[in-house]
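Have a look at the structure below, then the notes.
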Amino acid sequence: ALHWEGYDAVVHAFLKPLPDGKLAEDLGNFKAYQSALLKYAHQNGKSVILSIGGAYPAEMAESFYEIARDATKRATFVANCLNYLKTYNYDGIDIDWEFPKIDPDENRNDRPYMTQLMTDLYAAVKAEDEDYIVMFGTGPGWHMGSYDFTALKDHCDFFFYFGYDWRTTSPDNDGINTIGPMSTPNS
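So in the working numbering, spot 116 of the sequence shown is number 112, and the numbers just go up one at a time.
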């Protein structure tokens, strides 16, 4: 059994973003434990945050890109997110876009699209209920440049940092990417 006294909130992962702005419930066991998670968390006075995205399948990053760069798809996505929050009685939403892409060779910069997506989502969710939590996750290292934190600070309640993704781009002696500063100081 989960020891609820140790938690303020639980992040329920993951709904899958589709390129047209719709949401799919087909990742892992998302639906299998949704009802029980919401019931027991709320019975224990805890919040449940709906997380959309994740790292796998990898095409979700492209889905976020397609949604975020198109005003119509973005509006559809925001409306679907808000509807899902209300329908299932979630306490907030997390956007887990792994990761907005910046690639000069492709003439691509997703950074402003991430900001616009969060701007639109935050406005709609907070207009519905000021107590809803709106957040996003970010990876460390070379992904940090994918986010305009100065702009995003006004369009989320907080963001969280994926510390487990910390690694350098230089292989260690075994040819495997090393883990960052915790095991390789000054890396």
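Beta carbons are placed, not taken as given, at the ideal position from N, Cα and C, and that holds for glycine. These numbers come from a predicted model, not from an experiment.
Exposed unless 16 or more other CB atoms sit within 10 angstroms - verdict on Pro53: Label assigned to Pro53: exposed.
Contact belief for Gly49 with Pro13 at Cβ below 8 Å, rounded distance in angstroms: With a beta-carbon spacing of about 6 Å, Gly49 and Pro13 fall inside the 8 Å limit used to define contacts.
Straight-line Cα distance separating Gly17 from Leu148: Spanning the two alpha carbons is a distance of roughly 21 Å.
Identity of the residue in Tyr143, Tyr128 and Glu126 nearest Thr134 by Cα: Comparing Cα positions, the closest option is Tyr143.
Backbone secondary structure at Asp101 - three-state DSSP: Collapsing the DSSP output to three states places Asp101 in a helix.
Buried/exposed call for Met140, threshold 16 Cβ in 10 Å: With fewer than 16 other beta carbons inside 10 angstroms of its own, Met140 counts as exposed.
Local Cβ density within 10 Å of His8, reported as buried at 16 or more and exposed below that: Answer is buried; the Cβ neighbour count reaches 16.
Segments of 4+ residues assigned as alpha helix (DSSP H) that fall wholly inside the stretch 37 to 108: Counting only runs of 4 or more residues that sit fully inside the stretch 37 to 108, the alpha helix (DSSP H) segments are 55 to 64 and 67 to 84, in chain order.
Spatial neighbours of Tyr128 in its chain, beta-carbon cut-off 6 Å, leaving aside the 5 residues before and after: Closer than 6 Å at the Cβ level, and outside the excluded window around Tyr128, lie Gly88 and Val121.
Per DSSP, the bridge partner or partners of Pro15: In the DSSP assignment, Pro15 forms no beta bridge with any residue.
Buried or exposed by the 16-neighbour rule on C-beta atoms within 10 Å, applied to Asn76: Counting of Cβ neighbours within 10 angstroms places Asn76 among the buried residues, the total reaching 16 or more.
Per-residue DSSP class, three states only, for Gly2: DSSP, read as helix, strand or coil, puts Gly2 in helix.
Extent of the continuous beta strand (DSSP E) run through Phe145: DSSP places Phe145 outside any beta strand (DSSP E); the residue lies instead in the alpha helix (DSSP H), whose first and last residues are Phe145 to Leu148.
Given Tyr109 as reference, the closest of Ser47, Ile91, Lys82 and Ala123 once Cα atoms are compared: Looking at the Cα atoms, Ile91 is the closest of the given residues.
Supposed contact pair Leu46 and Leu81 - C-beta distance, whole angstroms, cut 8 Å: With a contact defined as Cβ atoms closer than 8 Å, Leu81 and Leu46 qualify at about 6 Å.
Nearest-angstrom Cα separation, counted from Tyr36 out to Trp0: About 9 Å.
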